[in-house]
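For reference, the structure discussed in these notes is given below.
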Amino acid sequence: MSIFVDENTKVIVQGLTGGQGRFHGLRNRAYGTNVVGGVRKGKGGEDVEGIPIFDSVAEAKAATCANASFVVVPPAGASAAILEAAAAGIPFVVCITEGIPAHDEARIYNVLQRQHSGTRLLGPNCPGIISPGKCNIGITAGEIAQPGGPVGIVSRSGTLTYQALYELKQKGVGVTTCVGIGGDPVPGTSFIDCLAAFEADPETRAVMMIGEIGGAEEEKAADFIAKEMSTPVVAYIAGVTAPPGKKMGHAGAIISGSKGTAKAKMEALAAAGVEVAQNPTEAGELMVEVVANRT
Amino acid sequence: MDLFEYQGKQYFARFGIPVSAGGVADTTDDAVVQAEKAGYPVVVKAQVQVGGRGKAGGIQLAANSDEVRQHAQSILGMDIKGHVVRRLWVEHASDIAKEYYASFTLDRSTKMYLGMVSARGGIDIEQVAEEDPGAIARLQIDPSSGLTRDQARWLVDEAGLDVEARDGAVDSLLKLYDCYVEGDADLVEINPLILTPDGRVHALDAKVTLDDNASFRHPEWDEFRDIDEFDERERLAKSKGLQYVGLEGSVGVIANGAGLAMSTCDVVNQVGGTPANFLDIGGGASAEVMANALEVINADASVKAIFINIFGGITRGEEVANGIVTALGRVKIESPMVIRLDGTNAEEGRAILKQVESDEVLSRPTMLEAARTAVGLAAQRAGGAVK
Chain A
17 MSIFVDENTK VIVQGLTGGQ GRFHGLRNRA YGTNVVGGVR KGKGGEDVEG
67 IPIFDSVAEA KAATCANASF VVVPPAGASA AILEAAAAGI PFVVCITEGI
117 PAHDEARIYN VLQRQHSGTR LLGPNCPGII SPGKCNIGIT AGEIAQPGGP
167 VGIVSRSGTL TYQALYELKQ KGVGVTTCVG IGGDPVPGTS FIDCLAAFEA
217 DPETRAVMMI GEIGGAEEEK AADFIAKEMS TPVVAYIAGV TAPPGKKMGH
267 AGAIISGSKG TAKAKMEALA AAGVEVAQNP TEAGELMVEV VANRT
Chain B
3 MDLFEYQGKQ YFARFGIPVS AGGVADTTDD AVVQAEKAGY PVVVKAQVQV
53 GGRGKAGGIQ LAANSDEVRQ HAQSILGMDI KGHVVRRLWV EHASDIAKEY
103 YASFTLDRST KMYLGMVSAR GGIDIEQVAE EDPGAIARLQ IDPSSGLTRD
153 QARWLVDEAG LDVEARDGAV DSLLKLYDCY VEGDADLVEI NPLILTPDGR
203 VHALDAKVTL DDNASFRHPE WDEFRDIDEF DERERLAKSK GLQYVGLEGS
253 VGVIANGAGL AMSTCDVVNQ VGGTPANFLD IGGGASAEVM ANALEVINAD
303 ASVKAIFINI FGGITRGEEV ANGIVTALGR VKIESPMVIR LDGTNAEEGR
353 AILKQVESDE VLSRPTMLEA ARTAVGLAAQ RAGGAVK
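Chains A and B supply the protein sequences, listed in that same order. Residues 17 to 311 in the working numbering are what the first sequence lists, from first letter to last. Residues 3 to 389 in the working numbering are what the second sequence lists, from first letter to last.
Below you can see the structure in the form of structure tokens.
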């Protein structure tokens with residue numbers, strides 16, 4: 017099984033008529049994702065390579081029964097697009113947009129929590145989600161992921177997610193679902209949300225978690241793993257050499273004061289019984305051992 | 003973007019937060035002019051983005067023009083924890099009855115805003131938090147509803163501010179919250195927020211970090227940017243639109259994606275080397291971006307070897323390879339480079355690189371092998387330089 021998406025997920029793309037939206041929307045469809053529509057105000061009735069365009073998410077949902085939305089809209093309009101999807105009752109929204117202001121993200125998160133608790137937001141600033149062979153929403157190159165499980169992946173970093181998928185494929189290890197939660201300070205979906213979903217999924221028999229410096233989400237995840245999980249976890253944390261006070265590319269990747277260091281995160285995870293790797297290659301190797309022991 | 007104190011005070015003033023009269027000075031003569039305008043006695047303050055200015059002698063009281071001249075002379079050019087003072091802020095000295103603390107920032111663990119007020123201002127707040135956590139009043143604020151006057155009042159009362167300061171402090175707090183939210187700041191902090199003997203409350207210092215992601219809706223931020231504190235390498239990288247952080251080592255790092263770039267620095271470290279920088283060329287980088295990245299690394303004299311680590315997702319292998327070839331044609335690359343290329347169109351990329359491979363341009367199949375090779379080369383060349 018997969019988490020959050022599967023072969024029955026019906027996806028609309030908000031921003032399908034834009035350059036990025038068209039490229040990734042069509043690429044997702046070519047992978048086999050069920051892309052049923054696009055949304056762009058003022059372009060309702062048109063189509064993109066046979067995918068119908070609607071003026072609003074509500075119209076698109078009514079016409080297609082979509083149950084997921086892929087938001088590919090520039091930063092200034094992304095918040096409104098996410099809230100529109102939530103207001104239309106779309107239960108799963110993936111937003112890849114990079115560069116959304118922090119206050120907008122904080123507001124969206126809290127509005128969803130209080131007014132649209134039935135909507136899960138993945139991202140923003142994330143590579144998306146792929147359940148190999150079933151559904152790919154986002155910008156991950158589908159061919160680097162091996163279908164079939166038994167490993168679930170959750171990651172804060174885009175390219176390290178690809179690296180992880182690739183390491184596992186090289187070793188012949190399949191993936192149930194790979195979720196990129198994104199590197200911003202207020203992600204809609206957290207490590208714990210994904211870990212809990214993987215724990216509940218009978219086909220996911222091991223989880224790879226990829227974190228980085230900044231915040232305390234990895235520490236909270238460690239606590240959750242220790243208390244709530246029987247599925248084994250292998251983790252890798254990037255940023256051991258990152259200096260305090262400097263943003264390392266991701267808005268969330270910053271060490272402030274004595275908090276958020278890679279070392280503290282690795283220690284917390286190790287104390288929770290997680291196998292902690294020193295680099296992505298080692299993470300792949302550790303995972304092969306874990307999978308072998310579980311079968 | 004971190005603002006200097008004087009910029010932070012200018013930003014505060016836009017939102018109506020009371021600050022002292024003062025002006026900016028880059029020379030001793032300017033400092034005297036500003037002092038005359040503000041009225042003696044004045045405080046001459048070093049403008050650097052680092053804590054501990056006062057202890058380092060970067061904040062001085064002056065009663066007349068001779069003293070201003072003397073202090074300005076000693077502070078300009080002063081090195082405070084590696085930051086050279088190029089600018090002063092000269093303001094009218096305030097009589098201080100009490101010093102408080104106030105700030106707003108995002109609490110990432112609850113994903114709400116955190117407002118903090120303390121009656122123990124004027125000193126390092128992290129120290130207060132450690133020694134006497136009860137001395138800081140904290141309030142979680144829901145970003146979807148905002149801060150009410152009642153909540154501001156609660157914070158001020160809870161912190162135990164002096165009764166005569168409370169109305170002024172509530173006012174300042176509400177304005178500071180506007181500055182935080184409407185002003186798109188990641189952090190606003192007043193330390194100290196003072197009470198004067200005649201009962202006025204105002205900001206004696208200003209710490210503001212602006213959210214770069216919001217710059218598209220703040221054209222007025224441009225004026226803060228031109229004197230931004232970057233090192234020379236960071237300035238060059240920024241002018242080319244690259245995500246770059248200067249570090250201290252000898253292996254120049256280029257990678258795509260923030261996570262992979264951090265991971266690359268870590269791996270260099272694990273195999274016994276030291277990264278000279280963090281450089282993320284981003285997703286979907288073109289040949290031009292790759293060539294720019296190589297030029298930035300090449301301009302850094304401490305770089306002894308270059309490690310290019312690319313995992314193509316949106317970024318395509320042949321674009322990366324073409325960028326390397328372009329850069330080799332455009333400038334003389336001073337250091338040997340080691341390339342690891344995987345992912346989308348990696349085969350095409352490797353085929354292109356084959357044509358330029360030499361003792362100075364090497365390919366390695368994995369991240370670890372490439373790191374070992376680059377670190378080995380850097381050590382060899384550093385050794386050579388010593389002889």
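For glycine and all other residues, C-beta sits at the position ideal for the given N, C-alpha and C.
Across the region 310-335 of chain B, CB contacts with chain A closer than 7 Å involve Phe313, Gly315 and Ile316, in sequence order along the chain. When 9 Å is used as the limit between beta carbons, Cys267 (chain B) is near these residues of chain A: Ala254, Gly255, Val256, Thr257, Ala258 and Met264, in chain order. Looking from the CA of Cys81 (chain A), the closest CA among A:Ala96, A:Ala92, A:Gln131 and A:Thr25 belongs to A:Thr25. Contact between the region 260-278 of chain A and the region 248-264 of chain B is established, with three or more Cβ pairs separated by less than 8 Å. Among the residues facing chain A, Asp186 (chain B) is included, as its CB has a counterpart in that chain under 7 Å away.
Under the criterion of beta carbons closer than 8 Å, Leu138 (chain A) and Ile197 (chain A) qualify as touching, at roughly 7 Å.
Using a C-beta cut-off of 8 Å, the region 289-296 of chain A makes no contact with the region 135-154 of chain B, since fewer than three inter-stretch Cβ pairs fall below that distance.
Beta-bridge partners assigned by DSSP to Ala84 (chain A): A:Val27. If you draw a straight line from the Cα of Val191 (chain A) to the Cα of Pro91 (chain A), it comes to about 31 Å. Not flagged as an interface residue toward chain A: Ala372 (chain B), since no C-beta distance is shorter than 7 Å.
For Val247 (chain B), a Cβ of chain A is located within less than 7 Å of the residue's own Cβ. Ala118 (chain A) has its alpha-carbon roughly 11 Å from the corresponding atom of Pro145 (chain B). Relative to the Cα of Arg136 (chain A), the nearest Cα in the group A:Val21, A:Arg310 and A:Glu291 belongs to A:Val21.
Of the residues assessed, Gly53 (chain A) falls on the buried side of the cut-off, its CB having 16 or more other CB atoms within 10 angstroms.
Residue environment: Pro148 (chain A) is assigned as buried (16 or more neighbouring CB atoms within 10 Å of its CB, all protein chains considered). Within the same chain, Cβ atoms closer than 6 Å to the Cβ of Met118 (chain B) are found at Ser105, Ile138 and Arg140, the five residues on either side in sequence being excluded. Taking C-beta separations shorter than 6 Å and ignoring five residues to either side along the sequence, the partners of Ile229 (chain A) in its chain run Gly255, Ala258, Ala269, Ile271, Gly276 and Ala278, following chain order. The alpha-carbon of Ile196 (chain B) is positioned some 11 Å away from that of Ser22 (chain B).
Annotated as distal: Arg45 (chain A) and Val64 (chain A), with beta-carbon spacing of 7 Å or more. Under a 10 Å Cβ-count criterion, Asp217 (chain A) is classified as buried, with 16 or more other Cβ atoms of the shown protein chains found around its own Cβ. Taking 4 residues as the shortest admissible run, the region 183-243 of chain B contains the following complete alpha helix (DSSP H) segments, listed from N- to C-terminal end: 224-227 and 234-241. Exclusion of the five residues before and after Glu234 (chain A) leaves Gly227 and Lys281 as the residues of its chain whose Cβ lies within less than 6 Å of its Cβ. In the three-state scheme derived from DSSP, where H, G and I count as helix and E and B as strand, Thr266 (chain B) is classed as helix.
It is roughly 19 Å from the alpha-carbon of Asn279 (chain B) to the alpha-carbon of Ala329 (chain B). Asp282 (chain B) has B:Gln245 and B:Ala257 as its beta-bridge partners, per DSSP. Note on geometry: alpha-carbon atoms of Ile326 (chain B) and Ala289 (chain B) lie some 7 Å from one another. Less than 7 Å separates the beta-carbon of Ile106 (chain A) from that of Ser85 (chain A). Within the region 111-132 of chain A, those residues whose Cβ lies closer than 7 Å to any Cβ of chain B are, in chain order, Gly115, Ile116, Pro117, Ala118, His119, Ala122, Arg123, Tyr125, Asn126, Val127 and Arg130. Per DSSP, the unbroken beta strand (DSSP E) holding Gln142 (chain B) starts and ends at Ile138 to Ile143. Considering only beta carbons, the part of the region 163-192 of chain A lying closer than 9 Å to chain B consists of Ser171, Arg172, Ser173, Gly174, Thr175, Leu176, Thr177, Tyr178, Gln179 and Tyr182, in chain order. For Ala299 (chain A), the CB contacts under 6 Å within the same chain, skipping 5 residues up- and downstream, are Val250, Tyr252 and Ala293 in chain order.
In the DSSP secondary-structure assignment, Gly117 (chain B) is bridged to B:Phe106 and B:Leu141. Residues of chain B whose Cβ lies closer than 9 Å to the Cβ of Gln294 (chain A) are, in chain order, Asp268, Val269 and Gln272. When C-beta distances to chain B are compared with 8 Å, the residues of the region 148-163 of chain A below that value are Ile155, Thr156, Ala157 and Ile160, in chain order. In this chain, the alpha helix (DSSP H) harbouring Lys279 (chain A) covers Ala278 to Ala287. Rounded to whole angstroms, the separation of the alpha carbons of Val172 (chain B) and Gly345 (chain B) is 56 Å.
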